Amino acid sequence: MDERSRQHQFEEQFLAQLRARALALTRGLLPADIVLVEPTAEGIEDVRDTLRRLEVFDRGALDGMPGTRAAQFRFQKSHLGGLLRSTLVRMRARVLTPVEEFVRGQSPGPIGREQVLAALARYQVLPASERPTGVVLASATGFTPEARRMAEGGGPPTLVLMGLRPDGGWDVDMPAGLRSSAWARLFELETQDDRLRRVLHHLEQDALALDSRGIPLRELSQRAGLPLAQTELLVRQACRTQPRLMTVVHDGQLHVARSPLEQTEGETMSIWARIRRLFGAKPSVAEQVRQMTAQRVRLEQQRHELDGRIGALEAQEREIVQTGAAAKTDVERKQAAGKLVRVRRELGRIRSQANIFTQQIDIIGTHIHHMTLAEQGRRMSLPKAEELTRQAAEAEGLIAELSANADLARSIEVTGESPMMAEEELAIMEEFKQAAASQQSAPAAQAAPAPEAAKTPRTATPTASPAPANPPGGKTRESAKPEVG
């Protein structure tokens, strides 16, 4: 699918989802109880004007260009049992498309501030009765930061920008007042399952960190483009659906990690686990692995913080060395030397701490690995050596008996053919062979004299005169016979 087809599909899906969302929310979740949706012409007019400015007058170019569709949503409130209606919100929605990039064959980028302003200017020339109170602009390639900052203002009209994310989500920019109102639900086109799928996608994208030091919840929230509280709920839901996922608290921050060993169905019941711990029962192997995994995540986080400090000190060390090399007086060199000594001492201390954390992580990781292998071996019920030997002997005996029966069946096979029939068939087969040989030799014999005759020159031969019909004397053969007696 090329980029134009993809944007065509995005345009159709966006307007259909927005329409379905509006119809669903008017059933008691919005101040309005009726929504009227009708197509408008600002989309195709904008694309036509852009093509005319680029001096493209091909009708096919307009028909094949995305961004030509637009719609108006009128949200109304019924009064007196539906006898009277009042319009609460007039909203226009359309998809902005980088038409100029498509015409020039360039890769489309995010929509800029100028194109958003041009789209808003079309609504300013409408009559006051038709001028929208809210405008929703969407883009399959997103919006630039300058364009997104335009949505922070209060309007009029109220501007909402919805850009598609690479992971399938939405970047929605709207005024703060609108975000805290009930109308903000209208622009939540993602379901809970879609958000959960995106969170799991970002976790799998950084599987190395997930299995080692964990992923901070704040960092995961920024990657998914979701609020922090909503991301935490999705993470806890993911931990219920995937038993290997777990959360670890380090320095007051929540981290998401993955244990190498998943808990069984009985171990995942937190009530029974609490009762077992209450009576001092020994934790299961899966619980021990999860506890050590949490300990390793905390150590990995501390080691990660130390790596950041080490990188900063090494950069400072290189800067001091360059400053000392460029110094022109001994006083400047001495000052740089003192700084370099302090930095290198601090760098050595931090490297020692990082080395300790590394050794501890190696020890815990090795123990987790061994416990995981042993527990996986215990969970998998495999046959023992005695059972394997017995089954192999039974299989060998069965195969030997089957082979013997097959040989016996081939040796005692009885056919319905008599000896005379066999001899007759052999004779017929020999007759077929002789007939085939004679058919092959006959054409060869006829074709052989032809070349010789062509090579031999033809000589004139005397032509014999035809014999008379009757012998001379007028006597016939009958009369020429001697008479007897």
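For the sequence shown, this note's numbering gives the first residue as 6, with consecutive numbering after it. Just so it is clear, CB atoms sit at the ideal spot from N, CA and C, and this is done for glycine as well. This structure is a prediction, so every number in the text was calculated from the model and none was measured.
Would you grab the beta carbon distance between residue i and residue j for me? Rounded to a whole angstrom, and I think it's under 8 Å.
i, j, result
"Arg308", "Ile369", "Actually they do not touch by this definition, with Cβ atoms about 12 Å apart."
"Asp176", "Gly147", "6 Å"
"Ala21", "Val40", "About 14 Å separates the two Cβ atoms, so there is no contact after all."
"Val141", "Val165", "5 Å"
"Pro36", "Lys82", "7 Å"
"His155", "Val121", "The sequence as given places Met at residue 155; His does not occur at that position. Indeed they touch by this definition, with Cβ atoms about 6 Å apart."
"Leu222", "His255", "Leu222 to His255, Cβ: 11 Å. No contact."
"Gly117", "Glu151", "7 Å"
"Val42", "Phe19", "At roughly 13 Å, the Cβ-Cβ gap does not stay under 8 Å, so Val42 and Phe19 are not in contact."
"Ile366", "Glu305", "6 Å"
"Gly230", "Arg153", "12 Å between Cβ atoms; not a contact."
Considering only residues of the same chain and omitting the five flanking positions on each side of residue i, which have a CB-CB separation below 7 Å?
i, result
"Cys244", "Leu250, Met251 and Thr252"
"Met376", "Val290, Gln293 and Val294"
"Ala286", "none"
"Glu17", "none"
"Arg9", "Gly69, Pro71 and Phe107"
"Glu195", "Gly174 and Trp175"
"His372", "Met297"
"Asp335", "none"
Grab me the residues of residue i's own chain with a C-beta within less than 6 Å of its C-beta, minus the 5 sequence neighbours each way, in chain order.
i, result
"Pro44", "Ala76"
"Gly65", "none"
"Asp7", "none"
From the DSSP output, read off the bridge partner residues of residue i.
i, result
"Thr45", "Ala75"
"Ser186", "Its beta-bridge partners do not exist; DSSP assigns none."
"His260", "Pro221 and Val253"
"His84", "Leu89"
"Arg97", "Gln77 and Val140"
"Thr163", "Gly139"
"Leu304", "DSSP lists no partner for Leu304."
"Ile116", "Phe148"
"Ile366", "None, per the DSSP bridge assignment."
"Asp176", "Gly168"
"Val240", "DSSP, once it has assigned bridges, lists no residue as partnering Val240."
"Ile39", "Gln81"
Do you know whose CA, among the options, lies nearest residue i's CA?
i, options, result
"Thr31", "Ala152, Leu191 and Phe437", "Leu191"
"Pro115", "Leu125, Thr149, Gln258 and Val108", "Thr149"
"Met179", "Asp172, Thr196, Pro171 and Pro161", "Pro161"
"Arg127", "Ala152, Glu47 and Lys287", "Glu47"
"Gly343", "Gln364, Gly353 and Gly329", "Gly329"
"Leu239", "Arg202, Leu23 and Leu266", "Arg202"
"Thr236", "Gly257, Ala214 and His207", "His207"
"Ala145", "Arg99, Phe362, Gly86 and Thr55", "Arg99"
"Ala212", "Leu283, Glu406, Leu169 and Pro265", "Pro265"
"Leu59", "Ile366, Val108 and Ala379", "Val108"
"Thr246", "Ile373, Arg228, Glu267 and Leu231", "Glu267"
"Thr163", "Leu125, Gln396, Leu34 and Glu391", "Leu125"
"Val348", "Leu101, Glu401, Gln321 and Arg383", "Gln321"
"Ser217", "Thr363, Glu401 and Gln258", "Thr363"
"Glu50", "Leu67, Leu205, Val61 and Arg228", "Leu67"
"Ala29", "Leu345, Glu193, Gln129 and Leu131", "Glu193"
Which same chain residues, not among the five before or five after residue i, have their C-beta less than 8 Å away from its C-beta?
i, result
"Ala359", "Arg308, Leu311, Asp312 and Ile315"
"Met199", "The amino acid occupying residue 199 in the given sequence is Asp; Met does not appear at that position. So the qualifying residues of the chain are Gly173 and Gly174."
"Leu93", "Pro36, Ala37, Phe80, Gln81 and Lys82"
"Ala189", "Met179 and Leu183"
"Ala299", "Met251, Val253 and Ala262"
"Ile355", "Leu311, Arg314, Ile315 and Leu318"
"Arg241", "Thr252"
"Gln327", "none"
Would you mind sorting residue i into buried or exposed? The rule is 16 or more other CB atoms within 10 Å of its CB.
i, result
"Gln210", "exposed"
"Pro71", "buried"
"Asp412", "exposed"
"Thr73", "buried"
"Gln14", "exposed"
"Gln12", "buried"
"Thr466", "Interpretation of Thr466 is limited by its pLDDT of 44, a score under 50 that renders its predicted location unreliable; no figure is taken from the coordinates."
"Met96", "buried"
"Gly219", "buried"
"Gln296", "exposed"
"Arg263", "buried"
"Glu429", "exposed"
"Pro388", "exposed"
"Phe437", "exposed"
"Gly139", "buried"
"Leu23", "buried"
"Pro113", "buried"
"Val52", "buried"
"Arg57", "exposed"
"Leu88", "exposed"
When every heavy atom of the ligand ZN is checked, does at least one fall within less than 6 Å of the C-beta of residue i?
i, result
"Lys333", "This structure lacks the ligand ZN; in fact it carries no ligand of any kind."
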